[in-house]
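Chains as they are written, first to last, in my numbering: chain W, 1 to 283; chain P, 1 to 393.
Glycine residues also receive a C-beta, built at the ideal position from the N, C-alpha and C atoms.
Beneath this line is the structure, given in structure tokens, with notes to follow.
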């Protein structure tokens, strides 16, 4: 591997809620252009890890770097100082805390989808994607109200149209987002995330609730968008078929801590992973 | 792409009809003020129209916040009060200050904007432009108050936001009644003798009823333009799902603040118009009951519908001030009805409101809009399906 900085670098991230360690000392790297998966049984802390990266939660301790620059950084302070049960409590205590809000992180170039689809319910398919372009538009509230941003608005609409066409969603453009079938809602959510022009796409269980055929289509779709949009993809998934098929590297966590990492073949045969998923027999 | 760029004929026809109706409305309003005889009908109609137009603006401004941004704020009465007072303070003629501020040595404000403009441009133009300038200042001051209040309050969610804004509205009312500010606000005494609707004229043409319509219509048009812009879509995204909005790069605080400040600006304008309508104002009238009244109209009209708010405003004001008056009068078409006495109107009103909330909880319009283009399209569809059916038979 070349010594290029990874797109996403997560270092010693710990998230402690009261006495519960939801994520414990998690470190991982997501190199550019790859598809990296984070897997683990239910309640392992995968979504919490995502939420720490995207600014929804403020991690109790640890550092997240995006393209080589610190993006999130925290150390146990305040009332957490006494309660903290994790490691490396002093490692980041000398640097200032960085806690950007989720919209700032999206602005840097990280987009995400949600485990339970979160489309804007009252809006059409077209408006869902168009609204995601709001952030990068060159306008202010006056130019938008008085329509002096007409050129910008036209550009946004054309780009939205093009994006919907690429994702095969154009025929549904005027339908309410929530009236689409489940699989298409997932695809729309990904299209909406792409509309924010991300470098890194985080997918939270994109295959949840899909049948085997839809899952196979999704696998092809994810690989296709990575190519077309020059993306790096980091995903959480339960569907082993999907993960083994498309990921370049896999991290496995259980009870908040990493239990294995490696290429798909290695993970498939790893005894700790099998134990975590199927349980350890008594003998 | 063509579909969005080319306007379809229904849209064009709809715009034409709307323009004609608006022109007809203004001609009617000007006739109403100048030519039509004053009888018991016009005497009731004129105030209802004026107040209806003002309430339309106030309700649409609240709908922008509650319906389109999903912020359940109950501070509207406070911003109305700020707007009304700001307007009145800047437009009381200088020679009336001694009379109005009789307990505060003529007050601290020594000038009047309509009067100053009147000296330069003539009395009528001065009154008209002065009123407009004062109305804009009223909006700006209300917006400034909103920006200050918004910093702590907009971090709260749902019910907590409602309670906090309600509290702030009461604090604003208390501050405006405070004697320490008497030289400006006249303490708990009323403000009067400022420029009101009857002073608004062009030449000899009185515009007492057309003026509030004119201002409200411009403001509502601006709000509609905002709602249909990129920012309006961002507001709706915040309303539909805050988490998703934030994850798509829409800054929650910035957009909530924008919506709050803009809504308060128009509430301030509405307050100024209300002051003009009432001819005297007193802070004690801007109670939280006023906010509930506005909220009620918004709910009746449909949360998230601008046209719904306007229709409901006129209906509510007409019922409250005119059509249901007989319930208080003690007689019904000449028959004396013993329980029709003072306050019975409110009883009937409460029952009506309960019925609406229970059985028509989405209001008159739901979240749809009334548009002539839409009506035309529907009519055409009906005609087309009718013709098809006829052909088959």
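Buried or exposed (CB count within 10 angstroms, at least 16 for buried), residue i
| i | result |
| --- | --- |
| residue 249/P | buried |
| residue 148/P | exposed |
| residue 76/P | buried |
| residue 388/P | Bear in mind that a pLDDT of 44 at residue 388/P, under 50, signals an unreliable position, so the model cannot answer this. |
| residue 118/P | buried |
| residue 272/P | buried |
| residue 3/P | With a pLDDT of 41 at residue 3/P, under the threshold of 50, the predicted position of this residue should be treated as unreliable, though the coordinate-derived value follows. Residue 3/P is exposed by the Cβ-count criterion. |
| residue 397/P | The question about residue 397/P has no answer, for chain P in this structure spans 1 to 393. |
| residue 114/P | buried |
| residue 352/P | exposed |
| residue 383/P | exposed |
| residue 246/P | buried |
| residue 120/P | exposed |
| residue 392/P | Only weak support exists for where residue 392/P lies, its pLDDT of 35 falling under 50; the value from the coordinates is given anyway. Under this definition residue 392/P is an exposed residue. |
| residue 204/W | buried |
| residue 151/W | exposed |
| residue 20/W | exposed |
| residue 390/P | Unreliable placement is indicated for residue 390/P, whose pLDDT of 36 sits below 50; no coordinate value is reported for it. |
| residue 189/W | buried |
| residue 59/W | buried |
| residue 202/P | exposed |
| residue 146/W | exposed |
Contact check, residue i vs residue j, beta carbons under 7 Å
| i | j | result |
| --- | --- | --- |
| residue 11/W | residue 63/W | yes |
| residue 86/P | residue 141/P | yes |
| residue 274/P | residue 84/P | yes |
| residue 302/P | residue 363/P | yes |
| residue 184/P | residue 285/P | no |
| residue 311/P | residue 64/P | no |
| residue 102/W | residue 56/W | yes |
| residue 268/P | residue 128/P | no |
| residue 68/P | residue 162/P | no |
| residue 246/W | residue 185/W | no |
| residue 215/P | residue 55/P | no |
| residue 59/P | residue 313/P | yes |
| residue 169/W | residue 207/W | no |
| residue 8/W | residue 251/W | no |
| residue 165/P | residue 258/P | no |
| residue 143/P | residue 260/P | no |
| residue 273/W | residue 260/W | yes |
Option in the options with minimal Cα separation from residue i
| i | options | result |
| --- | --- | --- |
| residue 111/W | 136/W, 4/W, 279/W | 136/W |
| residue 251/P | 41/W, 81/W, 132/W | 132/W |
| residue 142/W | 202/P, 271/P, 232/P, 63/P | 232/P |
| residue 94/P | 103/P, 116/P, 73/P | 116/P |
| residue 164/W | 4/W, 208/W, 225/W | 225/W |
| residue 350/P | 155/P, 264/P, 319/P | 319/P |
| residue 237/W | 32/W, 19/W, 36/W | 36/W |
| residue 73/W | 109/W, 138/W, 103/W, 15/W | 15/W |
| residue 357/P | 156/P, 44/P, 299/P, 169/P | 299/P |
| residue 355/P | 182/P, 226/P, 296/P | 296/P |
| residue 51/P | 174/P, 315/P, 71/P | 315/P |
| residue 61/W | 44/W, 40/W, 83/W | 83/W |
| residue 109/W | 96/W, 17/W, 172/W, 193/W | 193/W |
| residue 103/P | 171/P, 139/P, 187/P | 187/P |
| residue 17/W | 27/W, 34/W, 278/W, 86/W | 86/W |
| residue 47/P | 57/P, 212/P, 263/P | 212/P |
| residue 45/P | 323/P, 348/P, 368/P | 323/P |
| residue 321/P | 43/P, 280/P, 35/P | 43/P |
Distance cut-off 6 Å: residue i Cβ against heavy atoms of the ligand COA
| i | result |
| --- | --- |
| residue 362/P | The ligand COA is not part of this structure, which contains no ligands at all. |
Specify whether the segment 236-249 of chain P and the segment 117-124 of chain W touch according to this definition: at least 3 beta carbon pairs, one from each stretch, less than 8 Å apart.
Counting C-beta pairs closer than 8 Å gives three or more between the segment 236-249 of chain P and the segment 117-124 of chain W, which meets the contact rule.
Using 8 Å as the Cβ pair cut-off and three pairs as the minimum, do the segment 83-100 of chain W and the segment 174-193 of chain W touch?
At 8 Å Cβ cutoff, the stretches do not touch.
Quick test of the definition: if touching needs 3 or more C-beta pairs under 8 Å, does the segment 18-33 of chain P touch the segment 281-300 of chain P?
Verdict: no, contact absent.
Residues of the segment 46-69 of chain W with Cβ closer than 7 Å to any Cβ of chain A, in chain order:
Absent from the structure: chain A. Protein chains present are W and P.
Could you name the residues of the segment 99-114 of chain W whose beta carbon sits closer than 9 Å to any beta carbon of chain P, in the order they occur along the chain?
Answer set for the segment 99-114 of chain W: 101, 102, 103, 104, 105, 106, 107, 111, 112, 113, 114.
Anything in the segment 227-246 of chain P with a Cβ closer than 7 Å to a Cβ of chain W? List those residues in chain order, please.
Taking 7 Å as the cut-off between beta carbons, the residues of the segment 227-246 of chain P near chain W are 229, 230, 231, 233, 234, 236, 237, 240, 241, 243, 244, 246, in sequence order.
Closer than 8 Å, Cβ to Cβ, to anything on chain P: give me those residues from the segment 3-14 of chain W, in chain order.
Result list empty, no residue passes.
Can you pull out the residues from the segment 198-227 of chain P whose beta carbon lies closer than 7 Å to at least one beta carbon of chain W?
The segment 198-227 of chain P vs chain W, Cβ under 7 Å: 222, 225, 226.
Of all the residues that make up the segment 297-315 of chain P, which are near chain W by a beta-carbon distance shorter than 7 Å?
Hits within the stretch: zero.
What are the residues in the segment 190-203 of chain W lying within 9 Å of chain P by C-beta distance?
Answer in chain order: 192, 193, 195, 196.
What are the residues in the segment 260-271 of chain W lying within 8 Å of chain P by C-beta distance?
Within the segment 260-271 of chain W, no residue has a Cβ that lies closer than 8 Å to any Cβ of chain P.
Could you run through the segment 120-144 of chain W and flag, in chain order, every residue whose CB is less than 7 Å away from some CB of chain P?
Residues 120, 121, 122, 123, 127, 130, 131, 132, 134, 135, 137, 139, 141, 144.
Give me the subset of the segment 360-378 of chain P whose CB atoms are less than 8 Å from a CB atom of chain W, sorted by chain position.
Going along the segment 360-378 of chain P in chain order, one finds 367 with a Cβ nearer than 8 Å to chain W.
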